[in-house]
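Asks: To start, I am sharing the structure in question, which I have written as structure tokens.
Protein chains: 2
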Amino acid sequence: MVGMDVGATKILVGIVTKDGEVIESRRYMMERSSQSQVLNSLETALTHFMNAWHGPAPLAMGVGVVGHTKPASGLWVRAMNLPIQSIVPLSRFLRKSIDRPVLIDNDVHAATLAELRWGVGKEIRDFIYLNIGTGLAAGMVCNGKLVRGTANYAGEVGHMVVDPGGILCTCGQRGCLEPICSGDGIMAQVRAGLRDYPDSTLFQPNQEGVLSASQVFQAAEAGDRLASRITGKAVWALSTAMINLVNILNPAAIVYGGGVVKDGWLMGKVSEFVSANALVTARRALKGIWPSRLDPEQVGLLGAASLAWRYLEKKEAV
Amino acid sequence: MVGMDVGATKILVGIVTKDGEVIESRRYMMERSSQSQVLNSLETALTHFMNAWHGPAPLAMGVGVVGHTKPASGLWVRAMNLPIQSIVPLSRFLRKSIDRPVLIDNDVHAATLAELRWGVGKEIRDFIYLNIGTGLAAGMVCNGKLVRGTANYAGEVGHMVVDPGGILCTCGQRGCLEPICSGDGIMAQVRAGLRDYPDSTLFQPNQEGVLSASQVFQAAEAGDRLASRITGKAVWALSTAMINLVNILNPAAIVYGGGVVKDGWLMGKVSEFVSANALVTARRALKGIWPSRLDPEQVGLLGAASLAWRYLEKKEAV
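Going down the list, the protein sequences come from chains A and B. Final position of the first sequence in the numbering used here is 318; the numbers increase by one with none missing. Final position of the second sequence in the numbering used here is 636; the numbers increase by one with none missing.
If you want it as structure tokens, here you go:
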């Protein structure tokens, strides 16, 4: 199956087998100055990839995109980080280039479906897939099914309020989880905090534009005060949010992926908090908080392709 | 079907038709000084009810109990408000008295299944059933299925932390929702607050032991300062929790029941907050926050009986 992982800055297209193996994949730039440029980028990437692909013709394609989608009608409704001004009939649009059924979904939903099919879902039927990269969102699987919500919009865990009266979020509320511990949120706090802590070890890498979340965590471990303040709050906020989710959903596992949690530092701390503070029955039922076993570079692509595999299986079942 | 609604202080037994009509029901006292007294109360209630019932023999019985259950094995594992010291094989125990299959579940799960079968679930497949009585819990229905969690423990919304560093909860955390806006929580805040506000209009009814949540809300509307402080916080905390749930689960409706929300005051305020502050896509998808259309006195009984109806339908489907 063809999968297409559409991020805010890049497009990954690839061929994924039924066992979740990526046979071939290519990365393309996203031109994001207008809606038509975005769509043009997608079309160009797909056409180039398919022209270069000499294996058997794929039966369907799946596309995971940032933002809000309506999978049943193939519509891309909204995106925070891309200039989608009007609703895009994405399935229909891309079908022109590939002449195969095109299934679409939100990227985090798609990644969660990849987890369900090829990752932790092979053994566990109730889990949360937490993604912390530039933003923060989660996919929830209950009894082996992805929780989509009534408008396919479930999973906006980044907008759980955990710090009332705290940082103003883009959503209009104060104290949401996302601005406290997403990648963008951590970087914004560093920039703001450097005014009060000009001698922080984060100054130089921030100035050079090379600062990563991992470096902030390491600086905190090394005693940097600004880094400690930011990471302390991130650990506490994310722990609170995960305890809330564990108490509400009673999952058997939380698996995580994304740039901010790649080094395991943040989630290691969070894991300690959760196992000490969630409700007794809920924390005993939680087997663990683990990094996703899927390749973080590929999980979006796998998720996209899993949409196509699901489609095919349902069709064959009829 | 026979339904048995087991609360901390009373037992309701009744016969419920397939359409959700209660044909006959009787209320019994719960003797709660020991585990054997609790079980004896259940047995006595059931035996008395069945001896007095002269209609057709029921095919199965459902039992909703406070606390944690394992429905598949018929076990009652824990209860906060009743002295269940060791795991009770409740299905097997009650079957001795009625000689029919006995299905058990947590009372809020059961009430949510009643909502799904006879209430809002007739039209809506993604909803939250919120119960605020002496305690606070919720049942979540996603895509027409009750979210049970891996240990049948999902729904402990009362232990969502919304006020970090706030009131100490029985669960060990600070700032949980339950002690802020459950019935017990409101009454505890009144008792504690009367030390600072001895001239509050709540003094007299609290002294007489007749104070209700409704009276606290009315006193707040009339300008009582203690009542205003308590209800202001309850409105804010419950609103935050509902916004969090709406953002996470993207439900089409929230329905509510229980003594604290009976008069509609609290949820009226909460509804305004949620429709102004949840994420745009999530709040547009939320059709409303409504009182349950099921009789609040009967919803537990209906929930219990719905367990038996589900069982029978599954059996017939095989």
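Glycine residues also receive a C-beta, built at the ideal position from the N, C-alpha and C atoms.
Give me the residue from M29/A, M30/A, E31/A, G14/A with the minimum Cα distance to H23/A.
Replies: Residue 23/A sits at position 23 when you count from the first residue of the first sequence. Position check: residue 23/A holds Ile in this sequence, whereas His was assumed. Closest option to I23/A, Cα to Cα, is G14/A.
Asks: Mind checking L286/A: buried by the 16 CB within 10 Å criterion, or exposed?
Replies: For the purposes of this step, residue 286/A is taken as the residue at position 286 of the first sequence. Buried, because 16 or more other Cβ atoms sit within 10 Å of the Cβ of L286/A.
Asks: So who's on the other strand from C644/B, going by DSSP bridges?
Replies: Summary: the structure shown does not reach residue 644/B, with chain B confined to residues 319 through 636, and so no result is reported for it.
Asks: Does DSSP classify D5/A as helix, strand or coil?
Replies: Working through the first sequence from its first residue, we reach residue 5/A at position 5. Residue state, collapsed to three classes: strand.
Asks: C499/B versus chain A: which residues are under 7 Å apart at the beta carbon?
Replies: One-based indexing of the second sequence puts residue 499/B at position 181. Simply none; closest approach about 15 Å.
Asks: Give me the chain B residues within the contact set of I132/A, using Cβ-Cβ distance strictly less than 7 Å, ordered along the chain.
Replies: Position 132 of the first sequence, counted from the start, is the residue given in the question as residue 132/A. Those within 7 Å of I132/A in chain B number zero; the least Cβ separation is about 16 Å.
Asks: Contact defined as beta carbons within less than 8 Å: I believe A138/A pairs with V157/A. What is the distance between those atoms, to the nearest angstrom?
Replies: Numbered from 1 along the first sequence, position 138 holds the residue referred to as residue 138/A. Numbered from 1 along the first sequence, position 157 holds the residue referred to as residue 157/A. Their Cβ separation, rounded to whole angstroms, is 4 Å, which keeps A138/A and V157/A in contact under 8 Å.
Asks: Opposite D423/B in the DSSP bridges: which residues?
Replies: The residue labelled residue 423/B in the question sits at position 105 within the second sequence. D423/B pairs with G382/B.
Asks: In this structure, how does DSSP classify A276/A when only helix, strand and coil are distinguished?
Replies: The residue given as residue 276/A occupies position 276 in the first sequence. A276/A falls in the helix class under three-state DSSP.
Asks: I561/B CB to nearest chain A CB: under 8 Å?
Replies: For this step, residue 561/B is matched to residue 243 along the second sequence. It does: the Cβ of I561/B has a partner Cβ on chain A nearer than 8 Å.
Asks: Following the continuous beta strand (DSSP E) through N131/A, name the residue where it begins and the one where it ends.
Replies: On the first sequence, position 131 is the one that residue 131/A refers to. Element bounds for N131/A: 127 to 132.
Asks: Select from V235/A, V260/A, N206/A the residue whose C-alpha is nearest the C-alpha of S214/A.
Replies: The residue labelled residue 214/A in the question sits at position 214 within the first sequence. For S214/A, the nearest C-alpha among the options comes from V260/A.
Asks: How about the stretch 44 to 64 of chain A and the stretch 308 to 318 of chain A: do they share at least three Cβ pairs that are nearer than 8 Å?
Replies: Output reads yes: the stretch 308 to 318 of chain A touches the stretch 44 to 64 of chain A.
Asks: Taking a Cβ distance cut-off of 8 Å, strictly less, list which residues of the stretch 248 to 276 of chain A are near chain B, in chain order.
Replies: Those residues of the stretch 248 to 276 of chain A that come within reach of chain B (Cβ to Cβ, closer than 8 Å) are I248, L249, N250, P251, A252.
Asks: How long is the line joining the alpha carbons of N244/A and G451/B, rounded to whole angstroms?
Replies: Here the question's residue 244/A lines up with position 244 in the first sequence. Here the question's residue 451/B lines up with position 133 in the second sequence. Cα to Cα, N244/A sits roughly 21 Å from G451/B.
Asks: So the candidates are V38/A, H54/A, Y129/A; which of them puts its Cα closest to the Cα of L94/A?
Replies: Locating residue 94/A in the first sequence gives position 94, where the first residue counts as 1. The option with the nearest alpha carbon to L94/A is V38/A.
Asks: Span of the alpha helix (DSSP H) holding P205/A?
Replies: Along the first sequence, one-based indexing puts residue 205/A at 205. First-last of the alpha helix (DSSP H) with P205/A: 203 to 207.
Asks: Per DSSP, what kind of secondary structure is P639/B in: helix, strand or coil?
Replies: An answer regarding residue 639/B cannot be provided, because it is not within the stretch 319 to 636 covered by chain B.
Asks: Hey, does L307/A have any beta-carbon neighbour from chain B nearer than 8 Å?
Replies: Taking the first sequence and counting its residues from 1, one reaches residue 307/A at position 307. So no, L307/A is outside the interface.
Asks: In chain A, which residues lie less than 8 Å from M398/B when you measure between Cβ atoms?
Replies: Along the second sequence, one-based indexing puts residue 398/B at 80. Simply none; closest approach about 11 Å.
Asks: Identify every residue that forms a DSSP beta bridge with L136/A.
Replies: The sequence position of residue 136/A within the first sequence is 136, counting from 1. Paired residues: I132/A.
Asks: One question on the structure: do L103/A and V88/A come within less than 8 Å of each other, judged by their Cβ atoms?
Replies: Sequence index remark: in the first sequence, residue 103/A carries index 103 (1-based). Sequence index remark: in the first sequence, residue 88/A carries index 88 (1-based). Contact flag unset, no.
Asks: Can you pull the chain D residues whose beta carbon is under 8 Å from the beta carbon of D481/B, in chain order?
Replies: Given the protein chain composition of this structure (A and B), no chain D is represented.
Asks: Does DSSP classify S343/B as helix, strand or coil?
Replies: Position 25 of the second sequence, counted from the first residue, corresponds to residue 343/B. Of the three classes helix, strand and coil, the one that applies to S343/B here is strand, per DSSP.
Asks: Give, in chain order, every unbroken run of the alpha helix (DSSP H) that is at least 4 residues long and sits entirely within the stretch 160 to 236 of chain A.
Replies: You should have 178 to 181, 183 to 193, 203 to 207, 213 to 221.
Asks: Kindly indicate if chain B contains any beta-carbon less than 8 Å away from that of L279/A.
Replies: For the purposes of this step, residue 279/A is identified with residue 279 of the first sequence, where counting begins at 1. It does: the Cβ of L279/A has a partner Cβ on chain B nearer than 8 Å.
Asks: Give the interface partners of N143/A over in chain B, defined as CB-CB distance under 8 Å, in chain order.
Replies: Residue mapping note: residue 143/A aligns to position 143 of the first sequence, counting from 1. Result: K463, V465, R466.
Asks: Between H427/B and chain A, is there a C-beta pair that is closer than 8 Å?
Replies: The residue you call residue 427/B lines up with position 109 of the second sequence. False, the Cβ-Cβ gap to chain A never drops below 8 Å.
Asks: Hey, out of A555/B, A432/B, R602/B, V320/B, whose CA is closest to W151/A's CA?
Replies: Looking up residue 151/A in the first sequence gives position 151. The sequence shown places Ala at residue 151/A, not Trp. Ranking the options by Cα distance to A151/A, first place goes to R602/B.
Asks: Name, please, each residue of chain B whose Cβ falls closer than 8 Å to the Cβ of Y153/A.
Replies: On the first sequence, position 153 is the one that residue 153/A refers to. Ordered by position in chain B, the residues that pass the 8 Å Cβ test against Y153/A are N568, L597, T599, A600, A603.
Asks: Pick helix, strand or coil for Y471/B, following the three-state DSSP scheme.
Replies: Within the second sequence, residue 471/B is the residue found at index 153, counting from 1. Note: Y471/B maps to coil in three-state DSSP.
Asks: Quick check on the burial criterion: 16 or more other C-beta atoms within 10 angstroms. Buried or exposed for V592/B?
Replies: Translated into the one-based positions of the second sequence, residue 592/B becomes position 274. Under this definition V592/B is a buried residue.
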